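Peer 1: Those sequence lines, one after another, are chains A and B. According to my numbering, numbering within the first sequence proceeds without interruption in unit steps and concludes at 256. According to my numbering, numbering within the second sequence proceeds without interruption in unit steps and concludes at 1436. For each residue, glycine too, the CB sits at the ideal point set by N, CA and C. Treat the numbers as computed from the prediction; the structure is a model and nothing was measured. Input: one structure, supplied below.
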Amino acid sequence: MPLLHVKNMTHYFGGLRAVHDYNLKVEPGQICGLIGPNGAGKTTIFNLITGIYKPSEGEVILDGQNLVGYKPNVIASRGLARTFQNLRLWRHMTVLEHVKQARYSKITYGLAGAFFGTNLRITEEGENEHIAIDLLKLTGVLHFKDEIVTNLPYGAQRRVELARALAIEPKILFLDEPTAGMNPEELVQMMEIVRRVHAEIGMAIFLIEHRMKVVMDLCEMIQTLVFGELIAEGTPEEIRNNPEVIDAYLGKEVEA
Amino acid sequence: MTKISGNSSKTGAGIAQLFSRVLQPYKYTPIISWLLGGLVAVIIEQFVGLSLARALGMYKIPALFGILFILDKPLLFTGALLYNILIYVIPITVVARLTKFLGNRLAAWLLTIPHIVSIVVHLGLLYTILHIWSEVSDYRLLVARLILIAIIVTLSLNVINGYMGEFSCSHPGFIALGAYATSVFTIVLFVDDNLFGPALLPISFGFLFFPIGLIIGGFVAALGAIIVAVPSFRTRGDYLAIISLAFMFIVKSLLENLEWVGGPRGMGSQPDWANLPTVFFWAVIAVWVINNFVKSTLGKALNAVRDDETAASAMTVDTRKTKMTAFLFGAFWAGIAGGLFAHVIRYVNPGTFGLTMLAEDLAMVYFGGLNSVVGSIVGAVSINLLSEALRPLEIYKWIVIPLMLILVMVFRPTGLISFREFDVMKLIEPKQEPKE
């Protein structure tokens, strides 16, 4: 049974059909990619699966549990973490606070603990701090831990976002253009970190990416989306040689 | 050490340098030494204050450091200034300097036993100072209590407006609900009153029930807050501000039209239970609980919701629960403050809880600093003192305070001390001089 199974998902924005009959199977530990030209509906698919939008039709099943109709925080706490295309960090919080915040659903001390500073709270906050520090070490931004996140360089902000998503202890991690806006050096580092995280934690990864190099290097399976419809699915090799994908990306050859 | 250069391009930097030189001997003075200095100062005032004030041309001890004279009798102010220096500044600085070493030893020793002891000792000293200081006149006692209540109000409003970043205007409504609920509780049970008839219980041990009354007031206010919290799930920003403003007016008109709580005439004869120790106790509890809350992950969730709600919910934060908690928690403390306020003034009427109070509360939060416990305390104290100082201007003081607020907003948009964490242990620990 696949870890994440999306069956015949369709979504309309008013009269506009943004996604049509989308299917996805991600096995545990697999890295999958979603590519497609601008406006193809890639981020919409992310938002549909993570609960920001509710799909008009179709099913989403994570580890045997239905996800459709649940709020994003519930879906996230069931083990689906994500990052955002244009960074969504909390601009007044420090790096460490970011990662600790994502442990929200793991907290059991409740409001009584929050108000009166019980021993349970002290232990749990301490444990979460340990986990957060480990994750910051893994993503290589530990030296920034007490900085306000907006003071960090762009590449480091991306890594903080990744560390924050990992703090949820996801079964599957959604990365929305993890290398967007990065220079070649940062890009190589980011790919290195994604690989390291995958090797160390071993969760499945589903990523949207524009840069072919990244997708081809990282992914075992790639889907191509054009105007809300899947036109191809397969290994990097298959996708690279698929004429439809080439058409979608480079345009059709005009017959002379 | 570099000398202060006369041709410094930035006077601001020069002043800062001057300050740091003046304060150099006090840099590693622990808080306990300052408290001892304050204690000595208020004891001196107790004994020689009146004769000194008379010698300086005043007929009584200047109640609030002479700030009441500034506008009324400017000529007396030099005397008041001298009085302040002789009674407060010199004893405090001298004692703080002299007890620096001892204070550090004491603070260090206090940390070797359970920390609560150290906190209690510090608070005890603070209370003693406040108690002796406010014994001088009833006016001081009243102002001290009102400032302590203002601290609770400011902190509770900061939870909603600062920590969660929703511009809520409903606070006077919450305070009114707390004030009325607590008043009804105490008057019905313990006071012979023409609104509610004879007392149901003897007043002699009624004092013990006052906390229950306050907590009931807090819960009633929190119940009212649900009306604002539920719309906050769907709207934000300006729209929520309007909803919360509407809530404030609903509460006010409701109280004006409910004859059984006195209607527009209001309700008097609350028992005199909100004395200084009681108010001090509740203010300390409020600071402690609110500070605990905003430092926990559950409390930081408010910041996450404020800064990016989508990201917060994608990171498992339950945004609805967080908003609900913030509103109910803030309103609860506003209700407590309202109950205390009603029993300090010993009279409530709906007119008190209107736009003027809203302006005052917002001024305290935005002047002191958003997202900061220390900022709230500073804001509450300074706006209250300022408001007392401007009393001779009567209604025109509402030109001066907003003007100051505009200046703060222009030069420090988030308030004087904003986005700062309040760490009690850091405050009371001994200050070690770095070894050279």
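Please state if the CB of Phe-206(A) and the CB of Thr-50(A) are separated by a distance shorter than 8 Å.
Peer 2: Start at 1 with the first residue of the first sequence, and residue 50(A) comes out as number 50. Start at 1 with the first residue of the first sequence, and residue 206(A) comes out as number 206. The answer is no: Cβ separation not under 8 Å.
Peer 1: What in chain B is Cβ-close to Phe-115(A), meaning under 7 Å?
Peer 2: Within the first sequence, residue 115(A) is the residue found at index 115, counting from 1. Ordered by position in chain B, the residues that pass the 7 Å Cβ test against Phe-115(A) are Val-1289, Asn-1292, Phe-1293.
Peer 1: If you draw a straight line from the C-alpha of Ala-1286(B) to the C-alpha of Pro-170(A), how long is it?
Peer 2: Mapped onto the second sequence, residue 1286(B) falls at position 286. Mapped onto the first sequence, residue 170(A) falls at position 170. Each residue's Cα considered, the two are about 38 Å apart.
Peer 1: What are the residues of the region 1297-1309 of chain B that lie near chain A, defined by any Cβ-Cβ distance shorter than 7 Å?
Peer 2: Thr-1297, Leu-1298, Gly-1299, Lys-1300, Ala-1301, Asn-1303, Ala-1304, Asp-1307, Asp-1308
Peer 1: What are the residues in the region 95-109 of chain A lying within 7 Å of chain D by C-beta distance?
Peer 2: In the structure shown, chain D does not exist; the protein chains are A and B.
Peer 1: Just to confirm my understanding: we take Lys-1100(B), look at its own chain, exclude 5 residues before and 5 after, and list those with CB closer than 6 Å. What are they?
Peer 2: Sequence index remark: in the second sequence, residue 1100(B) carries index 100 (1-based). Residues of the same chain with a CB within less than 6 Å of the CB of Lys-1100(B), apart from the 5 flanking positions on each side, are Thr-1029, Ser-1033 in chain order.
Peer 1: Please name the residues in the region 1368-1401 of chain B whose beta-carbon is closer than 9 Å to at least one beta-carbon of chain A, in chain order.
Peer 2: Asn-1371
Peer 1: Let me know if Trp-1109(B) comes out buried or exposed under the rule of 16 or more other beta-carbons within 10 Å of its beta-carbon.
Peer 2: In the second sequence, counting from the first residue as 1, residue 1109(B) sits at position 109. Result: exposed.
Peer 1: Could you check whether Met-1(A) and Glu-57(A) sit closer than 8 Å to each other, using their CB atoms as the reference points?
Peer 2: For this step, residue 57(A) is matched to residue 57 along the first sequence. For this step, residue 1(A) is matched to residue 1 along the first sequence. No, they are not a contact pair.
Peer 1: Just grab the DSSP bridge partners of Lys-25(A) for me.
Peer 2: As a working mapping, residue 25(A) is identified with position 25 in the first sequence. BP columns for Lys-25(A) point to His-5(A).
Peer 1: Below 8 Å, how does it come out for the region 1395-1408 of chain B and the region 1365-1372 of chain B: are there three or more Cβ pairs, yes or no?
Peer 2: With the cut-off at 8 Å, the region 1395-1408 of chain B and the region 1365-1372 of chain B touch.
Peer 1: Report all residues from its chain with a CB closer than 7 Å to the CB of Gly-1006(B); omit the five preceding and five following residues, and keep chain order.
Peer 2: The residue you call residue 1006(B) lines up with position 6 of the second sequence. For Gly-1006(B), the predicted structure reports a pLDDT of 41, less than 50, and the residue's modelled location is therefore unreliable. A value from the coordinates is still provided. Nothing listed; no residue qualifies.
Peer 1: Does the distance from the CB of Leu-166(A) to the CB of Thr-179(A) come in under 8 Å?
Peer 2: Here residue 166(A) refers to the residue found at position 166 when the first sequence is read from its first residue. Here residue 179(A) refers to the residue found at position 179 when the first sequence is read from its first residue. Taking 8 Å as the Cβ cut-off, Leu-166(A) and Thr-179(A) do not qualify as a contacting pair.
Peer 1: I'd like to know whether the C-beta of Met-203(A) is nearer than 8 Å to at least one C-beta of chain B.
Peer 2: Reading the first sequence from its first residue, position 203 is the one you call residue 203(A). So no, Met-203(A) is outside the interface.
Peer 1: Quick one: which chain A residues come within Cβ less than 7 Å of Ser-1313(B)?
Peer 2: Numbered from 1 along the second sequence, position 313 holds the residue referred to as residue 1313(B). Under the 7 Å cutoff, chain A gives Lys-71, Pro-72, Asn-73.
Peer 1: Which term fits Ser-1204(B), buried or exposed, when burial requires 16 or more other beta carbons within 10 angstroms of its beta carbon?
Peer 2: Within the second sequence, the letter at position 204 stands for residue 1204(B). Exposed.
Peer 1: Run the CB neighbour count on Thr-1002(B), radius 10 Å, all protein chains shown included, and call it buried at 16 or more, exposed below.
Peer 2: Counting from 1 along the second sequence, the entry for residue 1002(B) is found at position 2. Note that Thr-1002(B) has pLDDT 40, beneath the 50 cutoff, so the model's placement of it is unreliable and the number below is only indicative. Answer is exposed; the Cβ neighbour count stays below 16.
Peer 1: Check whether the Cβ of Asp-1423(B) lies closer than 8 Å to any Cβ atom in chain A.
Peer 2: One-based indexing of the second sequence puts residue 1423(B) at position 423. It does not: the Cβ of Asp-1423(B) has no partner Cβ on chain A nearer than 8 Å.
Peer 1: Go through its chain and collect everything with a Cβ distance to Asn-1324(B)'s Cβ below 6 Å, but skip five positions before and after it.
Peer 2: Walking along the second sequence from the start, residue 1324(B) turns up at place 324. According to the sequence as given, residue 1324(B) is Met; it is not Asn. Result list for Met-1324(B): Ala-1229, in chain order.
Peer 1: Over what stretch of residues does the alpha helix (DSSP H) that includes Ile-1425(B) continue unbroken?
Peer 2: Locating residue 1425(B) in the second sequence gives position 425, where the first residue counts as 1. It is Met, not Ile, that sits at residue 1425(B) in the sequence shown. Residues 1424-1428.
Peer 1: Output needed for Leu-1245(B): all residues of its chain with C-beta closer than 6 Å, excluding positions within five of it in sequence on either side, in chain order.
Peer 2: Translated into the one-based positions of the second sequence, residue 1245(B) becomes position 245. Once the five neighbours on either side are set aside, the close Cβ partners of Leu-1245(B) are Cys-1169.
Peer 1: According to a CB-to-CB cut-off of less than 8 Å, which residues of the region 113-147 of chain A neighbour chain B?
Peer 2: Gly-113, Ala-114, Phe-115, Phe-116, Gly-117, Arg-121, Glu-125, Asn-128
Peer 1: From this set, Glu-161(A), Thr-123(A), Asp-146(A), which residue's C-alpha is nearest Tyr-109(A)'s C-alpha?
Peer 2: For the purposes of this step, residue 109(A) is taken as residue 109 along the first sequence, with counting starting at 1. Relative to the Cα of Tyr-109(A), the nearest Cα in the group Glu-161(A), Thr-123(A), Asp-146(A) belongs to Thr-123(A).
Peer 1: According to DSSP, simplified to helix, strand and coil, what is Gly-79(A)?
Peer 2: Your numbering for residue 79(A) matches position 79 in the first sequence. Coil, per DSSP.
Peer 1: Could one say the Cβ of Ile-168(A) lies closer than 8 Å to chain B's Cβ atoms, at least one of them?
Peer 2: As a position in the first sequence, residue 168(A) is number 168, starting the count at 1. Taking CB atoms only, Ile-168(A) has a neighbour in chain B less than 8 Å away.
Peer 1: Using the Cβ count rule (16 or more neighbours within 10 Å means buried), how would you classify Ser-1009(B)?
Peer 2: As a position in the second sequence, residue 1009(B) is number 9, starting the count at 1. The pLDDT assigned to Ser-1009(B) is 46, lower than 50, so where the model puts this residue is not dependable; a value taken from the coordinates is nonetheless given after this. It is exposed - the Cβ of Ser-1009(B) has fewer than 16 other Cβ atoms within 10 Å.
Peer 1: Any chance the region 1178-1191 of chain B sits against the region 1303-1314 of chain B, with 3 or more Cβ pairs inside 8 Å?
Peer 2: no
Peer 1: I'd like the ranges of any beta strand (DSSP E) spanning at least 3 consecutive residues and lying wholly in the region 160-186 of chain A.
Peer 2: As for any beta strand (DSSP E) of minimum length 3 sitting wholly inside the region 160-186 of chain A, the runs are 172-176, ordered along the chain.
Peer 1: I want to see whether chain A comes within less than 8 Å of Thr-1128(B), judged by CB atoms only; does it?
Peer 2: For the purposes of this step, residue 1128(B) is taken as residue 128 along the second sequence, with counting starting at 1. For Thr-1128(B), the answer is no, since every Cβ of chain A falls outside 8 Å of its Cβ.
Peer 1: Judging by CA-CA distance, which residue of Gly-228(A), Arg-240(A), Val-245(A), Pro-243(A) is the nearest neighbour of Gly-39(A)?
Peer 2: Walking along the first sequence from the start, residue 39(A) turns up at place 39. Looking at the Cα atoms, Gly-228(A) is the closest of the given residues.
Peer 1: Which chain A residues sit within Cβ distance under 9 Å of Asp-1138(B)?
Peer 2: Looking up residue 1138(B) in the second sequence gives position 138. Simply none; closest approach about 35 Å.
Peer 1: With DSSP collapsed to three states, give me the class of Asn-241(A).
Peer 2: Your numbering for residue 241(A) matches position 241 in the first sequence. Helix at Asn-241(A).
Peer 1: With a threshold of 8 Å on Cβ separation, who are the neighbours of Ile-1004(B) within its own chain once the five nearest residues in sequence on each side are excluded?
Peer 2: For the purposes of this step, residue 1004(B) is taken as the residue at position 4 of the second sequence. Summary for Ile-1004(B): the model assigns pLDDT 40, below 50, so the residue's position carries little reliability; its value from the coordinates is reported in the next sentence. Closer than 8 Å at Cβ, skipping near neighbours: Gly-1014, Gln-1017, Leu-1018, Arg-1021.
Peer 1: Starting from Val-1317(B), find everything on chain A with Cβ-Cβ shorter than 9 Å and list it in chain order.
Peer 2: Here residue 1317(B) refers to the residue found at position 317 when the second sequence is read from its first residue. Within chain A, the residues near Val-1317(B) are Asn-73, Ala-76, Gln-101, Ala-102, Tyr-104, Ser-105.
Peer 1: Is the CB-CB distance between Leu-1223(B) and Pro-1231(B) below 8 Å?
Peer 2: The residue labelled residue 1223(B) in the question sits at position 223 within the second sequence. The residue labelled residue 1231(B) in the question sits at position 231 within the second sequence. No.
Peer 1: How far does the beta strand (DSSP E) with Met-221(A) in it extend, from its first residue to its last?
Peer 2: The residue labelled residue 221(A) in the question sits at position 221 within the first sequence. Here the beta strand (DSSP E) through Met-221(A) covers 221-226.
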